[in-house]
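Report on the structure given below.
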Amino acid sequence: KAGVTQTPRYLIKTRGQQVTLSCSPISGHRSVSWYQQTPGQGLQFLFEYFSETQRNKGNFPGRFSGRQFSNSRSEMNVSTLELGDSALYLCASSSSLTSGGAETGELFFGEGSRLTVL
Amino acid sequence: AQSVTQLDSHVSVSEGTPVLLRCNYSSSYSPSLFWYVQHPNKGLQLLLKYTSAATLVKGINGFEAEFKKSETSFHLTKPSAHMSDAAEYFCVVSQRRSQAGTALIFGKGTTLSVSS
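Going down the list, the protein sequences come from chains Y and S. Be aware that the first sequence starts at 409, since it is given in the working numbering, and climbs by one per residue. Be aware that the second sequence starts at 1194, since it is given in the working numbering, and climbs by one per residue.
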């Protein structure tokens, strides 16, 4: 069974640009969550999608957005990039029908997309 | 609100010696707790989970953790470290949110170094 696939793995952008990251979950998983990982703030929850609907959202500005398609693939977009957006963005999928796997903790993570903003 | 505190940012052990990674949690209700591991340039992998069943939880690769409600702790241990255990470890609690569903709250992480 293929794991969670994130593309691109690495990218470099400049301030003010926008970026779109893609995540393909494990086949059959309907929940996709996004996390931002930085040395200073650690891992922070961005949002979770389930059946094309955003079900949970973290405390990030509106520049961070996402969506999920009917095949459960998800994208996240960051507009008007700032230097502080440099991070590893992790996608995780879950088969949980309720809440992104949080009760069971069984999130399956991709290897991440490392974004550098210059 | 739920939170986790990993008491050590860095732990160094010798191969073959025991490993102890400490985690305290705060939760207003009976929590679900987890340990995840992240190897360099890799995603996170679930090591083990506590969801109100047995207080001693066994995970993969010989790791185990004990839930102690009186101490609000969920420390991760392994009897004998292996070089391949060198990685970053995250203690995690599930956060019940006001809207439907929950999210995972991660600790800041503990980097485990293993020397030969």
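Idealized CB from N, CA, C, for every residue including glycine.
Query: Nearest candidate by alpha-carbon position, reference S:Ala-1279, set S:Leu-1214, S:Val-1197, S:Leu-1200 and S:Thr-1198; Result: S:Leu-1214
Query: Residues of the stretch 1240-1267 of chain S with Cβ closer than 8 Å to any Cβ of chain Y, in chain order; Result: Lys-1242 and Thr-1244
Query: Y:Glu-460 versus S:Ala-1258: straight-line alpha-carbon distance, rounded; Result: 36 Å
Query: Which of helix, strand or coil DSSP assigns to Y:Ile-434; Result: coil
Query: The stretch 471-482 of chain Y touching the stretch 1270-1285 of chain S, judged by at least three CB pairs closer than 8 Å; Result: no
Query: Proximal residues of chain A, C-beta to C-beta of Y:Phe-472 below 9 Å; Result: Although the question refers to chain A, the structure presented lacks it and instead comprises the protein chains Y and S.
Query: Nearest-angstrom Cα separation, counted from S:Ser-1309 out to Y:Pro-433; Result: 38 Å
Query: Beta-bridge partners of S:Phe-1283, as assigned by DSSP; Result: S:Tyr-1229
Query: Under 9 Å between C-beta atoms of Y:Arg-471 and Y:Val-440; Result: no
Query: Integer Cβ distance of S:Phe-1283 from S:Gly-1255, believed to fall under 8 Å; Result: Contact doesn't hold; Cβ gap of about 18 Å is too wide.
Query: Within chain Y, partners of S:Lys-1301 - CB distance below 8 Å; Result: Gly-450
Query: Span separating the alpha-carbon of Y:Phe-468 from that of Y:Leu-454; Result: 7 Å
Query: Span of the beta strand (DSSP E), counted from its first residue to its last, around S:Ile-1253; Result: Neither: S:Ile-1253 is in no beta strand (DSSP E) and is coded neither H nor E.
Query: Which residues DSSP lists as bridging S:His-1275, in chain order; Result: BP columns for S:His-1275 are empty, so no partner.
Query: Assigned exposure category for S:Ser-1291 - 16 Cβ within 10 Å defines buried; Result: Low per-residue confidence applies at S:Ser-1291: pLDDT is 49, beneath 50, and the placement is therefore not dependable, though the value from the model is reported in the following sentence. Looking at its Cβ environment, which holds fewer than 16 other Cβ atoms inside 10 Å, S:Ser-1291 is exposed.
Query: Through-space distance from S:Thr-1248 to Y:Thr-428, alpha-carbon basis; Result: 42 Å
Query: Candidates Y:Leu-515, Y:Ser-501 and Y:Asp-493: closest to Y:Gln-426 by CA position; Result: Y:Asp-493
Query: Interface flag, Y:Val-440 vs chain S, CB-CB below 9 Å; Result: no
Query: For Y:Arg-475: DSSP bridge partner residues; Result: Y:Glu-483
Query: Residues of the stretch 1194-1222 of chain S whose Cβ lies closer than 8 Å to any Cβ of chain Y, in chain order; Result: none
Query: is_contact[S:Leu-1297, chain Y] using C-beta, thresh 9 Å; Result: yes
Query: Proximal residues of chain S, C-beta to C-beta of Y:Leu-523 below 9 Å; Result: Under the 9 Å cutoff, chain S gives no residues; its nearest Cβ is about 14 Å from Y:Leu-523.
Query: Alpha carbon of S:Ile-1298 to alpha carbon of S:Ala-1194, nearest angstrom; Result: 10 Å
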